[in-house]
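Reviewing the structure listed below.
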Amino acid sequence: MQTEESLKKRAEAALQKEAAYGEKFDLDEYAIAPKETKYTDNLKELDEKSQRTLLNVGVIPSGEGRGGSLVMVDNAISHSSVSDKEIELMPLHFAMQKHDWLKDYSWNLVPVDADKYTATSYLENANGYFIRAPKGVKTKLPIQTCLLMGSKDVSQTVHNIVIVEENARLDVITGCSTGSDVDKAMHLGISEMYVKKGGTLNFTMIHNWAEQIGVRPRTVIHLEEGATFINNYVTLKAVKSIQSYPTAHLTGKGAFARFNTIAVGHPGSELDLGSRVIFDAPNTKAELVSRTITTGGTVIARGEMIGNEVQSKGHLECHGLVLNNKGTQRAIPILEANVDDIELTHEAAVGRIAREQVEYLMARGLSEEEAVGMIVRGFLDVGISGIPDELQKDIDETIAQIGKSAM
5 MQTEESLKKR AEAALQKEAA YGEKFDLDEY AIAPKETKYT DNLKELDEKS QRTLLNVGVI
65 PSGEGRGGSL VMVDNAISHS SVSDKEIELM PLHFAMQKHD WLKDYSWNLV PVDADKYTAT
125 SYLENANGYF IRAPKGVKTK LPIQTCLLMG SKDVSQTVHN IVIVEENARL DVITGCSTGS
185 DVDKAMHLGI SEMYVKKGGT LNFTMIHNWA EQIGVRPRTV IHLEEGATFI NNYVTLKAVK
245 SIQSYPTAHL TGKGAFARFN TIAVGHPGSE LDLGSRVIFD APNTKAELVS RTITTGGTVI
305 ARGEMIGNEV QSKGHLECHG LVLNNKGTQR AIPILEANVD DIELTHEAAV GRIAREQVEY
365 LMARGLSEEE AVGMIVRGFL DVGISGIPDE LQKDIDETIA QIGKSAM
(Lines of atoms letter the chains of each structure in order from A and count residues from 1; the text may use other names and numbers.)
(Lines give C-alpha, C1' and ligand atoms only; values in the text may rest on other atoms or scores of the structure.)
Protein backbone atom coordinates (compact mmCIF):
# COMPACT_ATOMS: atom_id res chain seq x y z
CA MET A 1 0.00 0.00 0.00
CA GLN A 2 1.25 3.48 -0.87
CA THR A 3 1.88 5.71 2.11
CA GLU A 4 1.86 9.51 1.98
CA GLU A 5 5.54 9.56 2.80
CA SER A 6 6.45 7.15 -0.01
CA LEU A 7 4.33 9.10 -2.51
CA LYS A 8 5.94 12.35 -1.43
CA LYS A 9 9.44 10.93 -1.90
CA ARG A 10 8.57 9.61 -5.35
CA ALA A 11 7.09 12.95 -6.38
CA GLU A 12 10.06 14.94 -5.10
CA ALA A 13 12.41 12.68 -7.04
CA ALA A 14 10.43 13.35 -10.25
CA LEU A 15 10.30 17.15 -10.08
CA GLN A 16 12.85 17.43 -12.91
CA LYS A 17 11.54 14.45 -14.91
CA GLU A 18 10.52 15.50 -18.42
CA ALA A 19 7.47 14.06 -20.13
CA ALA A 20 7.98 11.44 -22.82
CA TYR A 21 6.29 13.63 -25.44
CA GLY A 22 5.57 17.29 -26.07
CA GLU A 23 7.33 20.62 -25.76
CA LYS A 24 9.36 21.15 -22.59
CA PHE A 25 8.27 23.84 -20.14
CA ASP A 26 10.24 25.27 -17.22
CA LEU A 27 7.75 25.28 -14.37
CA ASP A 28 9.98 27.65 -12.41
CA GLU A 29 8.78 30.37 -14.79
CA TYR A 30 5.26 30.01 -13.37
CA ALA A 31 4.05 30.80 -9.89
CA ILE A 32 1.53 28.48 -8.28
CA ALA A 33 -1.96 29.78 -9.06
CA PRO A 34 -3.96 31.37 -6.20
CA LYS A 35 -5.76 28.92 -3.92
CA GLU A 36 -8.44 31.40 -2.93
CA THR A 37 -11.07 33.09 -5.07
CA LYS A 38 -14.46 34.75 -4.75
CA TYR A 39 -17.20 32.16 -4.33
CA THR A 40 -20.27 32.48 -6.56
CA ASP A 41 -23.56 30.96 -5.44
CA ASN A 42 -25.30 31.62 -8.78
CA LEU A 43 -23.37 31.54 -12.06
CA LYS A 44 -26.07 33.70 -13.64
CA GLU A 45 -24.86 36.55 -11.43
CA LEU A 46 -21.49 36.59 -13.19
CA ASP A 47 -20.80 39.39 -15.67
CA GLU A 48 -21.70 38.83 -19.31
CA LYS A 49 -18.09 38.23 -20.38
CA SER A 50 -17.60 35.50 -17.75
CA GLN A 51 -20.86 33.83 -18.71
CA ARG A 52 -19.80 33.85 -22.36
CA THR A 53 -16.50 32.19 -21.39
CA LEU A 54 -18.45 29.40 -19.69
CA LEU A 55 -20.84 28.98 -22.61
CA ASN A 56 -17.96 28.67 -25.07
CA VAL A 57 -16.76 25.54 -23.29
CA GLY A 58 -20.20 23.97 -22.92
CA VAL A 59 -21.03 25.17 -19.40
CA ILE A 60 -24.53 26.68 -19.08
CA PRO A 61 -24.55 29.35 -16.33
CA SER A 62 -28.24 28.85 -15.54
CA GLY A 63 -27.65 25.14 -14.99
CA GLU A 64 -30.68 24.40 -17.17
CA GLY A 65 -30.46 20.90 -18.58
CA ARG A 66 -27.64 20.00 -16.19
CA GLY A 67 -27.62 17.79 -13.11
CA GLY A 68 -24.95 19.82 -11.35
CA SER A 69 -22.19 22.40 -11.84
CA LEU A 70 -18.69 22.94 -10.49
CA VAL A 71 -16.32 25.75 -11.46
CA MET A 72 -12.67 26.00 -10.48
CA VAL A 73 -10.81 29.30 -10.98
CA ASP A 74 -7.03 28.96 -10.74
CA ASN A 75 -6.58 26.56 -7.80
CA ALA A 76 -9.79 27.37 -5.94
CA ILE A 77 -13.38 26.16 -6.23
CA SER A 78 -15.59 29.15 -7.06
CA HIS A 79 -18.92 27.34 -7.44
CA SER A 80 -20.39 23.93 -6.67
CA SER A 81 -24.06 22.94 -6.87
CA VAL A 82 -26.04 19.82 -7.66
CA SER A 83 -29.69 19.42 -8.60
CA ASP A 84 -29.58 15.66 -9.20
CA LYS A 85 -29.57 14.46 -5.60
CA GLU A 86 -28.68 10.91 -6.64
CA ILE A 87 -25.27 12.08 -7.85
CA GLU A 88 -22.32 13.18 -5.75
CA LEU A 89 -20.56 16.31 -7.04
CA MET A 90 -18.18 18.25 -4.81
CA PRO A 91 -14.61 19.57 -4.52
CA LEU A 92 -12.14 16.69 -4.23
CA HIS A 93 -10.66 17.99 -0.96
CA PHE A 94 -14.12 17.95 0.62
CA ALA A 95 -14.82 14.46 -0.75
CA MET A 96 -11.56 13.14 0.72
CA GLN A 97 -12.69 14.36 4.14
CA LYS A 98 -16.20 12.94 3.71
CA HIS A 99 -15.19 9.50 2.36
CA ASP A 100 -12.28 7.78 4.08
CA TRP A 101 -12.37 5.05 1.41
CA LEU A 102 -11.58 7.57 -1.33
CA LYS A 103 -7.89 7.51 -0.42
CA ASP A 104 -7.73 4.09 -2.13
CA TYR A 105 -8.73 5.75 -5.43
CA SER A 106 -6.53 8.85 -5.17
CA TRP A 107 -3.25 8.66 -7.09
CA ASN A 108 -3.97 5.00 -7.76
CA LEU A 109 -4.18 5.17 -11.57
CA VAL A 110 -1.91 8.12 -12.39
CA PRO A 111 1.60 7.70 -10.92
CA VAL A 112 2.80 10.70 -8.94
CA ASP A 113 6.20 10.31 -10.59
CA ALA A 114 5.04 9.93 -14.19
CA ASP A 115 6.70 13.29 -14.94
CA LYS A 116 7.32 16.69 -13.37
CA TYR A 117 3.74 17.75 -14.10
CA THR A 118 2.19 14.93 -12.06
CA ALA A 119 4.84 15.40 -9.36
CA THR A 120 4.06 19.12 -9.05
CA SER A 121 0.32 18.45 -8.89
CA TYR A 122 0.77 15.94 -6.09
CA LEU A 123 3.12 18.09 -4.03
CA GLU A 124 0.76 21.05 -4.36
CA ASN A 125 -2.11 18.88 -3.05
CA ALA A 126 -4.14 19.76 -6.14
CA ASN A 127 -7.88 20.20 -5.72
CA GLY A 128 -10.48 19.53 -8.41
CA TYR A 129 -13.83 17.80 -8.75
CA PHE A 130 -15.17 14.53 -7.40
CA ILE A 131 -18.14 12.98 -9.20
CA ARG A 132 -19.80 9.68 -8.29
CA ALA A 133 -22.80 7.87 -9.73
CA PRO A 134 -23.88 5.31 -7.09
CA LYS A 135 -24.76 1.73 -7.96
CA GLY A 136 -27.65 1.46 -10.40
CA VAL A 137 -28.16 5.22 -10.76
CA LYS A 138 -28.53 6.45 -14.32
CA THR A 139 -28.31 10.20 -14.74
CA LYS A 140 -30.93 11.94 -16.82
CA LEU A 141 -28.91 15.16 -17.19
CA PRO A 142 -25.15 15.65 -17.63
CA ILE A 143 -22.94 17.09 -14.92
CA GLN A 144 -20.97 20.16 -16.05
CA THR A 145 -17.60 21.39 -14.77
CA CYS A 146 -15.27 24.21 -15.78
CA LEU A 147 -11.55 24.65 -15.08
CA LEU A 148 -10.73 28.30 -15.64
CA MET A 149 -7.36 30.04 -15.65
CA GLY A 150 -7.99 33.40 -13.99
CA SER A 151 -4.40 34.58 -13.45
CA LYS A 152 -1.46 34.89 -15.81
CA ASP A 153 2.05 33.50 -15.43
CA VAL A 154 0.85 30.78 -13.05
CA SER A 155 0.45 26.99 -12.94
CA GLN A 156 -3.02 25.63 -12.31
CA THR A 157 -2.86 22.20 -10.67
CA VAL A 158 -6.00 20.06 -10.81
CA HIS A 159 -6.85 16.59 -9.52
CA ASN A 160 -10.19 15.01 -10.48
CA ILE A 161 -11.69 11.65 -9.54
CA VAL A 162 -14.78 10.22 -11.27
CA ILE A 163 -16.41 6.97 -10.11
CA VAL A 164 -19.27 5.21 -11.89
CA GLU A 165 -20.50 2.36 -9.73
CA GLU A 166 -21.95 -0.97 -10.89
CA ASN A 167 -24.67 -0.62 -13.58
CA ALA A 168 -24.72 3.18 -13.21
CA ARG A 169 -24.55 5.77 -15.98
CA LEU A 170 -22.95 9.20 -15.86
CA ASP A 171 -22.60 11.96 -18.46
CA VAL A 172 -20.05 14.72 -17.90
CA ILE A 173 -19.31 17.85 -19.94
CA THR A 174 -16.18 19.65 -18.81
CA GLY A 175 -14.71 22.82 -20.25
CA CYS A 176 -11.29 24.40 -19.85
CA SER A 177 -10.60 28.04 -20.68
CA THR A 178 -8.81 31.25 -19.70
CA GLY A 179 -9.92 34.66 -18.53
CA SER A 180 -9.84 37.44 -21.12
CA ASP A 181 -6.66 39.00 -19.70
CA VAL A 182 -4.71 35.74 -19.28
CA ASP A 183 -2.23 35.26 -22.10
CA LYS A 184 0.42 32.99 -20.54
CA ALA A 185 -0.04 30.18 -18.01
CA MET A 186 0.23 26.41 -17.44
CA HIS A 187 -2.58 23.94 -16.83
CA LEU A 188 -1.68 20.63 -15.15
CA GLY A 189 -4.71 18.35 -14.91
CA ILE A 190 -4.78 14.91 -13.29
CA SER A 191 -7.92 12.80 -13.85
CA GLU A 192 -8.55 9.30 -12.52
CA MET A 193 -11.74 7.60 -13.70
CA TYR A 194 -13.25 4.33 -12.55
CA VAL A 195 -16.11 2.61 -14.40
CA LYS A 196 -17.29 -0.47 -12.56
CA LYS A 197 -19.14 -3.57 -13.75
CA GLY A 198 -21.83 -2.69 -16.29
CA GLY A 199 -21.33 1.05 -15.80
CA THR A 200 -21.23 3.72 -18.52
CA LEU A 201 -19.32 7.01 -18.53
CA ASN A 202 -19.75 9.54 -21.35
CA PHE A 203 -17.11 12.22 -20.92
CA THR A 204 -16.86 15.28 -23.18
CA MET A 205 -14.01 17.79 -22.79
CA ILE A 206 -13.91 21.16 -24.57
CA HIS A 207 -10.63 23.12 -24.59
CA ASN A 208 -10.72 26.83 -25.39
CA TRP A 209 -7.35 28.24 -24.33
CA ALA A 210 -5.35 31.37 -25.12
CA GLU A 211 -2.39 31.48 -27.50
CA GLN A 212 0.40 31.19 -24.90
CA ILE A 213 -1.06 28.51 -22.64
CA GLY A 214 0.72 25.21 -21.98
CA VAL A 215 -1.61 22.29 -21.25
CA ARG A 216 -0.54 18.99 -19.70
CA PRO A 217 -3.51 16.73 -18.78
CA ARG A 218 -2.77 13.26 -17.41
CA THR A 219 -5.75 10.88 -17.51
CA VAL A 220 -6.18 7.16 -16.83
CA ILE A 221 -9.46 5.21 -16.98
CA HIS A 222 -10.08 1.81 -15.35
CA LEU A 223 -12.94 -0.28 -16.81
CA GLU A 224 -14.35 -3.41 -15.23
CA GLU A 225 -16.50 -6.18 -16.77
CA GLY A 226 -19.07 -4.90 -19.27
CA ALA A 227 -18.14 -1.26 -18.61
CA THR A 228 -18.33 1.42 -21.33
CA PHE A 229 -16.32 4.62 -21.64
CA ILE A 230 -16.93 7.20 -24.39
CA ASN A 231 -14.52 10.12 -24.53
CA ASN A 232 -15.01 13.19 -26.74
CA TYR A 233 -12.21 15.75 -26.91
CA VAL A 234 -12.50 19.04 -28.82
CA THR A 235 -9.89 21.79 -29.20
CA LEU A 236 -10.37 24.23 -32.08
CA LYS A 237 -8.85 27.51 -30.85
CA ALA A 238 -5.23 28.70 -30.85
CA VAL A 239 -3.05 27.48 -27.95
CA LYS A 240 0.70 27.25 -27.47
CA SER A 241 1.03 23.57 -26.59
CA ILE A 242 -1.16 20.64 -25.59
CA GLN A 243 0.25 17.20 -24.83
CA SER A 244 -2.35 14.61 -23.90
CA TYR A 245 -2.30 10.81 -24.02
CA PRO A 246 -5.18 9.36 -21.93
CA THR A 247 -4.99 5.63 -21.26
CA ALA A 248 -7.90 3.22 -20.79
CA HIS A 249 -7.28 -0.13 -19.08
CA LEU A 250 -9.90 -2.70 -20.12
CA THR A 251 -9.60 -5.03 -17.13
CA GLY A 252 -13.01 -6.72 -17.25
CA LYS A 253 -14.50 -9.06 -19.85
CA GLY A 254 -16.60 -7.25 -22.45
CA ALA A 255 -15.39 -3.74 -21.56
CA PHE A 256 -15.53 -1.11 -24.33
CA ALA A 257 -13.77 2.23 -24.86
CA ARG A 258 -14.08 4.83 -27.60
CA PHE A 259 -11.99 7.98 -27.97
CA ASN A 260 -13.05 10.75 -30.36
CA THR A 261 -10.54 13.55 -30.93
CA ILE A 262 -11.24 16.75 -32.90
CA ALA A 263 -8.42 19.29 -33.06
CA VAL A 264 -7.12 22.24 -35.06
CA GLY A 265 -3.49 23.36 -34.93
CA HIS A 266 -3.16 27.09 -35.61
CA PRO A 267 0.12 28.86 -36.50
CA GLY A 268 2.46 28.68 -33.51
CA SER A 269 0.56 25.80 -31.88
CA GLU A 270 1.95 22.37 -31.09
CA LEU A 271 -0.67 19.70 -30.43
CA ASP A 272 0.64 16.28 -29.39
CA LEU A 273 -2.60 14.36 -28.92
CA GLY A 274 -3.56 10.75 -28.76
CA SER A 275 -5.12 7.95 -26.77
CA ARG A 276 -4.11 4.49 -25.67
CA VAL A 277 -6.08 1.37 -24.83
CA ILE A 278 -4.71 -1.69 -23.07
CA PHE A 279 -6.76 -4.88 -23.54
CA ASP A 280 -6.24 -6.79 -20.29
CA ALA A 281 -9.40 -8.95 -20.43
CA PRO A 282 -10.96 -11.20 -23.09
CA ASN A 283 -13.68 -10.06 -25.48
CA THR A 284 -12.91 -6.36 -25.00
CA LYS A 285 -13.29 -3.73 -27.71
CA ALA A 286 -12.05 -0.24 -28.50
CA GLU A 287 -12.26 2.44 -31.17
CA LEU A 288 -9.85 5.37 -31.46
CA VAL A 289 -10.96 8.06 -33.92
CA SER A 290 -8.92 11.20 -34.60
CA ARG A 291 -9.76 14.12 -36.93
CA THR A 292 -7.17 16.88 -37.00
CA ILE A 293 -6.52 19.95 -39.12
CA THR A 294 -3.50 22.22 -39.26
CA THR A 295 -3.62 25.77 -40.60
CA GLY A 296 0.05 26.34 -39.76
CA GLY A 297 0.75 24.55 -36.50
CA THR A 298 2.22 21.15 -35.69
CA VAL A 299 -0.23 18.32 -35.02
CA ILE A 300 0.88 14.89 -33.85
CA ALA A 301 -1.90 12.30 -33.66
CA ARG A 302 -0.91 9.24 -31.65
CA GLY A 303 -2.95 6.10 -31.18
CA GLU A 304 -1.88 2.96 -29.40
CA MET A 305 -3.58 -0.37 -28.73
CA ILE A 306 -1.92 -3.13 -26.72
CA GLY A 307 -3.64 -6.50 -26.88
CA ASN A 308 -2.90 -8.82 -23.98
CA GLU A 309 -6.03 -11.00 -23.99
CA VAL A 310 -7.83 -13.16 -26.56
CA GLN A 311 -10.95 -12.33 -28.59
CA SER A 312 -10.35 -8.61 -28.31
CA LYS A 313 -10.95 -6.18 -31.16
CA GLY A 314 -9.70 -2.66 -31.72
CA HIS A 315 -9.70 -0.15 -34.55
CA LEU A 316 -7.61 3.00 -34.78
CA GLU A 317 -8.41 5.76 -37.28
CA CYS A 318 -6.22 8.86 -37.70
CA HIS A 319 -7.10 11.37 -40.44
CA GLY A 320 -5.40 14.74 -40.80
CA LEU A 321 -5.73 17.70 -43.18
CA VAL A 322 -3.09 20.29 -44.05
CA LEU A 323 -4.62 23.59 -45.19
CA ASN A 324 -2.85 26.45 -46.97
CA ASN A 325 0.20 24.27 -47.59
CA LYS A 326 1.24 25.24 -44.06
CA GLY A 327 1.84 23.31 -40.89
CA THR A 328 2.74 19.70 -40.14
CA GLN A 329 0.58 16.63 -39.66
CA ARG A 330 2.06 13.46 -38.20
CA ALA A 331 0.08 10.29 -37.54
CA ILE A 332 1.65 7.64 -35.30
CA PRO A 333 -0.45 4.47 -35.00
CA ILE A 334 0.89 1.67 -32.78
CA LEU A 335 -0.60 -1.83 -32.63
CA GLU A 336 0.80 -4.50 -30.33
CA ALA A 337 -0.60 -8.04 -30.10
CA ASN A 338 0.70 -10.33 -27.37
CA VAL A 339 -1.78 -13.16 -28.04
CA ASP A 340 -2.78 -14.83 -31.29
CA ASP A 341 -6.58 -14.63 -31.09
CA ILE A 342 -6.94 -10.86 -31.39
CA GLU A 343 -7.85 -8.34 -34.09
CA LEU A 344 -6.29 -4.87 -34.11
CA THR A 345 -6.55 -2.66 -37.20
CA HIS A 346 -5.72 0.89 -38.17
CA GLU A 347 -6.06 3.39 -40.98
CA ALA A 348 -4.11 6.63 -41.12
CA ALA A 349 -4.14 9.36 -43.76
CA VAL A 350 -2.79 12.90 -43.90
CA GLY A 351 -2.99 15.34 -46.80
CA ARG A 352 -5.06 18.16 -48.24
CA ILE A 353 -8.67 18.64 -49.34
CA ALA A 354 -9.12 17.00 -52.71
CA ARG A 355 -9.85 19.58 -55.40
CA GLU A 356 -12.36 17.26 -57.07
CA GLN A 357 -14.45 17.25 -53.87
CA VAL A 358 -14.62 21.05 -53.92
CA GLU A 359 -15.48 21.13 -57.62
CA TYR A 360 -18.18 18.48 -57.13
CA LEU A 361 -19.95 20.62 -54.54
CA MET A 362 -19.48 23.81 -56.57
CA ALA A 363 -21.14 22.10 -59.52
CA ARG A 364 -24.20 21.71 -57.30
CA GLY A 365 -24.53 25.38 -56.59
CA LEU A 366 -22.20 26.03 -53.66
CA SER A 367 -19.55 28.72 -53.70
CA GLU A 368 -15.96 27.61 -53.22
CA GLU A 369 -15.99 28.95 -49.67
CA GLU A 370 -19.21 27.11 -48.86
CA ALA A 371 -17.87 23.91 -50.41
CA VAL A 372 -14.64 24.01 -48.40
CA GLY A 373 -16.56 24.82 -45.23
CA MET A 374 -18.91 21.87 -45.78
CA ILE A 375 -15.98 19.51 -46.33
CA VAL A 376 -14.21 20.75 -43.19
CA ARG A 377 -17.41 20.46 -41.14
CA GLY A 378 -18.06 16.93 -42.37
CA PHE A 379 -14.44 15.96 -41.77
CA LEU A 380 -14.59 17.06 -38.12
CA ASP A 381 -17.98 15.48 -37.41
CA VAL A 382 -17.57 12.33 -35.33
CA GLY A 383 -21.02 12.39 -33.75
CA ILE A 384 -20.56 14.26 -30.47
CA SER A 385 -23.89 14.86 -28.73
CA GLY A 386 -24.98 17.01 -25.80
CA ILE A 387 -23.18 20.20 -26.87
CA PRO A 388 -25.25 23.30 -26.03
CA ASP A 389 -26.47 25.52 -28.87
CA GLU A 390 -24.20 28.42 -27.90
CA LEU A 391 -21.09 26.25 -28.07
CA GLN A 392 -22.22 24.63 -31.32
CA LYS A 393 -22.61 28.11 -32.82
CA ASP A 394 -19.09 29.00 -31.71
CA ILE A 395 -17.75 25.76 -33.19
CA ASP A 396 -19.56 26.44 -36.48
CA GLU A 397 -18.09 29.95 -36.64
CA THR A 398 -14.60 28.59 -35.98
CA ILE A 399 -15.01 25.98 -38.70
CA ALA A 400 -16.24 28.68 -41.10
CA GLN A 401 -13.10 30.72 -40.43
CA ILE A 402 -10.97 27.62 -41.02
CA GLY A 403 -12.78 27.13 -44.33
CA LYS A 404 -12.05 30.73 -45.37
CA SER A 405 -8.38 30.36 -44.46
CA ALA A 406 -8.16 27.33 -46.71
CA MET A 407 -9.16 29.31 -49.77
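Numbering follows the numbering used here, in which position 62 of the sequence shown is assigned residue number 66; successive positions increment by one, without gaps.
Built from N, CA and C at the ideal position, the CB exists for glycine as well.
Grouping DSSP H, G and I as helix and E and B as strand, with all else coil, what is residue i?
i: Thr149; result: strand
i: Ser273; result: coil
i: Glu446; result: A question about residue 446 goes unanswered here, because the residues of the chain that appear run from 5 up to 411.
i: Ser54; result: helix
i: His478; result: Absent from the model: residue 478. The displayed extent of the chain is 5 to 411, so no value can be given.
i: Arg356; result: coil
i: Ala267; result: strand
i: Glu68; result: coil
i: Tyr419; result: Outside the shown range of the chain (5 to 411) lies residue 419, about which nothing can therefore be said.
i: Thr143; result: coil
i: Ala415; result: Within the shown structure, residues of the chain are numbered from 5 to 411, placing residue 415 beyond reach of any answer.
i: Leu113; result: coil
i: Tyr133; result: strand
i: Gly382; result: helix
i: Val243; result: coil
i: Leu74; result: strand
i: Ile194; result: strand
i: Ile91; result: coil
i: Glu347; result: strand
i: Val199; result: strand
i: Lys397; result: helix
i: Ala404; result: helix
i: Ala259; result: coil
i: Val362; result: helix
i: Ala35; result: strand
i: Lys107; result: helix
i: Ala285; result: coil
i: Lys28; result: coil
On a Cα-Cα basis, can you pick out the residue from the options that is closest to residue i?
i: Gly311; options: His253, Ile64 and Thr298; result: His253
i: Gly62; options: Asn236, Met94, Asp78 and Glu92; result: Asn236
i: Lys417; options: Arg70, Met190 and Ser85; result: In this structure the chain extends from 5 to 411, so residue 417 is not present and cannot be described.
i: Gly307; options: Lys289, Thr288, Thr265 and Ile346; result: Thr265
i: Ala305; options: Leu348, Ala261, Gln247 and Ile346; result: Gln247
i: Leu275; options: Asp30, Met100 and Pro221; result: Pro221
i: Ser84; options: Leu50, Tyr43, Tyr121 and Ser110; result: Tyr43
i: Leu127; options: Arg381, Leu292 and Gln160; result: Gln160
i: Lys241; options: Thr208, Met190 and Thr182; result: Thr182
i: Asp32; options: Met190, Ser10, Val75 and Ser66; result: Met190
i: Gln6; options: Tyr109, Asn46, Met94 and Asp30; result: Tyr109
i: Val168; options: Met197, Ile147 and Ser273; result: Met197
i: Glu92; options: His270, Ser66, Glu52 and Ile147; result: Ile147
i: Glu363; options: Ala352, Trp111, Met100 and Val376; result: Val376
i: Val158; options: Gly72, Asp30 and Leu384; result: Asp30
i: Val162; options: Glu360, Thr124 and Leu11; result: Thr124
i: Tyr25; options: Gly278, Tyr34, His226 and Thr232; result: Gly278
i: Pro65; options: Val219, Thr232, Ala130 and Leu395; result: Leu395
Between which two residues does the beta strand (DSSP E) containing residue i stretch?
i: Ala341; result: Thr332 to Ala341
i: Arg295; result: Lys289 to Thr298
i: His253; result: Thr251 to Leu254
i: Thr239; result: Thr232 to Thr239
i: Thr204; result: Thr204 to Asn212
i: Arg368; result: Arg368 -> no beta strand (DSSP E), and no H or E assigned at all.
i: Thr7; result: No beta strand (DSSP E) holds Thr7; DSSP gives it neither H nor E.
i: Ser317; result: The question names Ser, but residue 317 in the sequence shown is Lys. Lys317 -> beta strand (DSSP E) spans Ser316 to Val326.
i: Pro221; result: Gln216 to Leu227
Along the alpha helix (DSSP H) that carries residue i, what are the first and last residues, could you check?
i: Ile177; result: Segment Arg173 to Thr182 is the beta strand (DSSP E) holding Ile177; no alpha helix (DSSP H) there.
i: Lys139; result: Lys139 -> no alpha helix (DSSP H), and no H or E assigned at all.
i: His4; result: Limits of the chain in this structure are 5 at one end and 411 at the other, which puts residue 4 out of reach.
i: Gln101; result: Leu96 to Lys102
i: Ser125; result: Lys120 to Leu127
i: Glu22; result: Note, Glu22: premise wrong, no alpha helix (DSSP H); not H, not E.
Assuming residue i and residue j make a contact with CB atoms under 8 angstroms, what is their CB distance in whole Å?
i: Cys150; j: Gly193; result: Cys150 to Gly193, Cβ: 12 angstroms. No contact.
i: Asn164; j: Leu106; result: Asn164 to Leu106, Cβ: 12 angstroms. No contact.
i: Ser155; j: Val114; result: Not really, about 25 angstroms apart at Cβ, beyond 8 angstroms.
i: Arg356; j: Leu325; result: 7 angstroms
i: Val243; j: Leu152; result: Contact doesn't hold; Cβ gap of about 15 angstroms is too wide.
i: Thr251; j: Arg280; result: 4 angstroms
i: Glu90; j: Pro38; result: Rounded, the Cβ-Cβ distance is 34 angstroms, inconsistent with contact.
i: Phe263; j: Thr288; result: Not a contact, Cβ separation roughly 14 angstroms.
Inter-stretch contact (C-beta, 8 angstroms, three-pair minimum) for the stretch 329-336 and the stretch 289-301 | yes
Is it true that the stretch 157-176 meets the stretch 201-213, where meeting means three or more beta-carbon pairs spaced less than 8 angstroms apart?
-> yes
Within the chosen definition, does the stretch 115-125 reach the stretch 17-32 through at least 3 CB pairs nearer than 8 angstroms?
-> yes
Tell me, please, whether the stretch 255-263 touches the stretch 277-295 by the rule of three or more beta-carbon pairs shorter than 8 angstroms.
-> yes
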